[in-house]
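What follows is the structure in structure tokens.
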């Protein structure tokens, strides 16, 4: 039953090319020479797909950002500005993203039912409404799981969540749980403090104890514990951990993303994607604006978002990574078209927007339309399942995939959502 | 000498007399035989018998065969963890294992619930309830965690009845922080001080959820799609909180110093305090009116005035939160909600999942047991310690976590309803791990005080993630994740626990005399409450060889491995 843990002696097993790719990526190439070295190595290494979810915790008011209704009683004070994508206008407080809109597309016809934070958060991450009998895996776990083959040489976790906990792996198991780090990329307690040989001996002893307990058939968590141990050992001894050192980026790059938590998180996401991580979620919370929404948006939230998101999109495009990297911007729901007595907006799920881009998505288009007051979707409405199905398609993941939940029940990937066809050429 | 007589003494009034009273006239000559059988089954405690009967009936229905009873060491470990929040010390374990009297389990439970352990009991339940009541966020200036803990420690030390506990929290007024310059300190106020924004929407949702097991938060904005919750219910419940204010006190600086929770006249949104109403908006934009109405339809007076005497001596006004507490006390949902919560604490799963959703759309696994225990809890004057006693002395709590062919399919993690045919594995809470490491390493630290609690908070904060909503939702990465394993591998707490410094635990074991085999056994007992297997002894000897005879270094390696094992961190 009990196999010894992977001893940390595998550092010389890696292929030369991976070293080249890794080292070039980590050195943050500034010259054309290293850039082309990186490009060549990446090509030889086989291109990998990734996704970055920009999670807007709290529920951002999308009619003040992506689907403005100037002049309507519900419209608020913000003005639309034109963008680099023909015919698309977004909020005046997003001038930098406006210049990148040709890489992105807006779905303005989202219509969902979950307007409670925890339920909405679960639903938008998994495509399923919460169910007491089964825990569904979220985006990160599903995509990391489906792209596991291409990430075979990956020693760091395939699903990294920056600044928030995302949603767990559900029935896929703790192997696919998010690895949560803060936006500085700090990973605590990495330092061994003892020499690797001694660690190997300790792990041998530990393996004996773990194996005995597992063999007694006390439940799945005993085995899960061992799996996570194995992954931890791998990560502790991996050179790929360099990817987390976001502070090693040149100062001007850091400043381009903004020296905010979200800015650093987006920069970290780019580094992780470069290193081959299939899924990164970056959290920007604080959108739950029940009061004084407009000054909060225009002076605080939108500038932070604008800087970081635009830097991420243009950086990925400049590095040739955008065609293999899907970007998803969304929160758990949006906010009421009616402005409340406290000059805020409350929870609203009936008509709202999400933004996608990169990977296999058609870019620079708007999908769907809401009524003049923003309260209704007047075209075909789309759901969380549909967005998820579309993201999976953009990454080349088969929508025919069916998981088997722990109870033996089949679970269709993305809850059988339908692809939003306007997002594909 | 604790034989049958000892057993009688330890059963106490509730158990023994309870049997006699319920059974009607019981011949004196039968008492000894009856008690002898009880010893195995239910210790003569009728509530324990009720639990066993109900659970066993469930096994028969599902054609499941329960696991064997857990070993004494395992049972001793789990009861310490669940009642006082840490594993047993070496001395406590050895005393229990060395006791051969039939009443030793009852005796241990009574000891853990008695005066000897009152501080540790209070510390554990303060940890549990702090998270339930105010979450894990340590940076909320609307809440004083020390204030909250001070109230909880006192409440659990005194074992105040649960209905009064609920009432204290729901009706609290006063200052939330204990300061020299504040007279009206009331730590219980912290449950609500951080939940009064936006007309007390959070106060409404959390009060219903925690104390009644009703999820009303979704009905704030609309009728619930799949339960009976209606939007008016949310706002009628909310109306009970409309006299309440969380007043920020600044003390001359710009930083909030403390919060004063107060009840004031509510003028009503219609401007008539005699009929103080509120308005809420339907999804179609229509406005509707709401007055305080309890979830069972009971209305209270609509006046918004707080109670007072007029000049002529007539009393007017009503305190809405006090009225609410009275209605909650009488509601059958209140004892059901706490029984379900406590059952989940001890058995790993509640009768419903999540534990705080008892709505009709979410039927419990054992409805009769839930109702019956709730009734018995009310009959016992809401005595929390009695409820704990019944649960930990029950048969399902004493089963092994090892499964066999007859019950492997009983696995609630697969989405099946729990049948409780074996003890379900679960990971220690972060607080339990922290305290257990202190215990296992015999760390000489003052436990249970506010200083210790703050230190623990600081350590816990590495695992806390906030979700960025106004409701202060948070979660913990202390859930079997890589950061948790890294902490157990390399963290300060583990370094301290495995240090070989002079006078420390390892040093004492290493230099305490005796053979190496006995030293290894000591480590196993201290952490896992069992002896090492022959294979483990062999592995330990290999460590000794690898360390070239440096026994203290080898013991350090073994200790590290034991503390990092699944068996240590999983309550089994």
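Residue numbers (our numbering), protein chains in the order written: chain A, 585 to 1009; chain B, 407 to 978.
Yeah, the Cβ is synthetic: ideal placement off N, Cα and C, and Gly gets one too.
Since the structure is predicted, the reported quantities are computational estimates derived from the model, not experimental observations.
Short CB-CB distance (under 7 Å) between residue i and chain A
i              : result
residue 821(B) : yes
residue 838(B) : no
residue 539(B) : no
residue 865(B) : no
residue 690(B) : no
residue 807(B) : yes
residue 973(B) : yes
residue 765(B) : no
residue 693(B) : no
residue 922(B) : no
residue 813(B) : no
residue 870(B) : no
residue 558(B) : no
Test: residue i CB closer than 7 Å to a CB of chain B
i              : result
residue 808(A) : yes
residue 805(A) : yes
residue 938(A) : no
residue 800(A) : yes
residue 996(A) : no
residue 636(A) : no
residue 786(A) : yes
residue 709(A) : no
residue 984(A) : no
residue 825(A) : no
residue 927(A) : no
residue 792(A) : yes
residue 789(A) : yes
residue 761(A) : yes
Residue burial classification, residue i (beta-carbon count within 10 angstroms, cutoff 16)
i               : result
residue 932(B)  : buried
residue 1008(A) : exposed
residue 947(A)  : buried
residue 998(A)  : buried
residue 762(A)  : buried
residue 988(A)  : exposed
residue 662(B)  : exposed
residue 857(A)  : buried
residue 490(B)  : buried
residue 692(B)  : exposed
residue 857(B)  : exposed
residue 527(B)  : buried
Beta-carbon gap between residue i and residue j smaller than 7 Å
i               : j              : result
residue 1003(A) : residue 968(A) : no
residue 524(B)  : residue 813(A) : no
residue 866(B)  : residue 836(B) : yes
residue 687(B)  : residue 695(B) : no
residue 741(B)  : residue 783(B) : yes
residue 753(A)  : residue 725(A) : yes
residue 619(B)  : residue 743(B) : yes
residue 916(B)  : residue 957(B) : yes
residue 571(B)  : residue 561(B) : yes
residue 611(B)  : residue 598(B) : no
residue 833(B)  : residue 975(B) : yes
residue 515(B)  : residue 795(B) : yes
is_contact[residue i, chain E] using C-beta, thresh 7 Å
i              : result
residue 744(A) : Absent here is chain E; the protein component of the structure consists of chains A and B.
heavy atom of the ligand SAH below 6 Å from residue i C-beta
i              : result
residue 859(A) : Among the components modelled here there is no ligand, and therefore nothing to report on the ligand SAH.
Item checked: Unbroken stretches of the beta strand (DSSP E), 3 residues or longer, contained in the region 877-959 of chain A -> 909-915 and 936-942
Item checked: Cβ contact (3+ pairs, closer than 8 Å) linking the region 666-678 of chain A and the region 884-902 of chain A -> yes
Note to self: If contact is defined by three or more beta carbon pairs under 8 Å, each pair taking one atom from either stretch, is the region 827-842 of chain A in contact with the region 703-719 of chain A?
What the structure shows: no
Check: Can at least three beta-carbon pairs, one atom from the region 737-749 of chain A and one from the region 697-704 of chain A, be found at a separation below 8 Å?
Finding: no
Note to self: Does the region 680-694 of chain A come into contact with the region 948-959 of chain A, if we say contact requires no fewer than three beta-carbon pairs (one atom in each stretch) closer than 8 Å?
What the structure shows: yes
Check: Of all the alpha helix (DSSP H) runs that stay within the bounds of the region 856-935 of chain B, which reach a length of 4 or more residues?
Finding: 856-866, 888-896, 898-903, 911-916 and 922-934
Item checked: Uninterrupted alpha helix (DSSP H) stretches inside the region 778-844 of chain A (no shorter than 4 residues) -> 780-799, 804-820 and 835-841
Notebook entry, point to check: Quick one: any contact between the region 853-873 of chain A and the region 638-654 of chain A, if contact means 3 or more CB pairs under 8 Å?
Noted result: yes
Item checked: Complete alpha helix (DSSP H) runs within the region 737-808 of chain B (minimum length 4 residues, chain order) -> Here the runs fully enclosed are 739-753, 773-785 and 790-798.
Note to self: Closer than 8 Å is the cut-off here; do at least three beta carbon pairs connect the region 791-805 of chain B with the region 652-670 of chain B?
What the structure shows: no
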